[in-house]
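Single-structure report; data block below.
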């Protein structure tokens, strides 16, 4: 969220699971900011305007209106983050080798096909885990579905995404143990 909370926000362009590592305490760390723009870095350069995102995580609206040359925005980052979130809750990760060439295999397309309002996309194997709360599964599913809406203007801000995640029962109960204060 801290990247998007500036007058001129930083746009990462390429949020995907390959750019998230865990430290020794299992805290997520974003890395590979090679395509970042905005903030003190300044306006996007010609190259960054035409930066290629990993197709599996790319914002479908951006690709449709401008191909891979669509101008990246905060809305693109929200979309990509939602795909990562969907992968985490569904235990479904699309790799370039197995499906990035086939739109039908993209996690966002799968979610749009499978989602029914009022139902969670969390698989039974995760629902059976201790500490799982059905309301959290539904909340995360609905949040992710809002974040992959076709038009970026209909998606929540990253600030709203973080607020939603901070209000999950599991975070309120175990946030201190997971070091999730202020995501």
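In full-length UniProt numbering, the protein residues as written are 1 to 183.
Even glycine gets a Cβ: it sits at the ideal position worked out from N, Cα and C.
Check your understanding: Do residue 112 and residue 90 come within 7 Å of each other at the CB atom, strictly closer than that value?
Key -> no
Practice item. Decide if residue 81 is buried, meaning its Cβ has at least 16 other Cβ atoms within 10 Å, or exposed. Key: buried
Check your understanding: Taking residue 15 as the reference, which of 76, 153, 93, 24 has the closest Cα?
Key -> 76
Review point. CA-CA distance, residue 29 and residue 21?
Key: 5 Å
**Study point:** Three-pair Cβ contact test at 8 Å for the stretch 133-149 versus the stretch 157-175
**Key:** yes
Review point. Taking buried to mean at least 16 other C-beta atoms within 10 Å of its own C-beta, is residue 25 buried or exposed?
Key: exposed
**Study point:** Outcome for residue 23 when other beta-carbon atoms lying within 10 angstroms are tallied against a minimum of 16
**Key:** exposed
Practice item. Closer than 8 Å by C-beta to residue 93: which residues in its own chain qualify, once you throw out the five before and the five after it? Chain order, please. Key: 17, 87, 107
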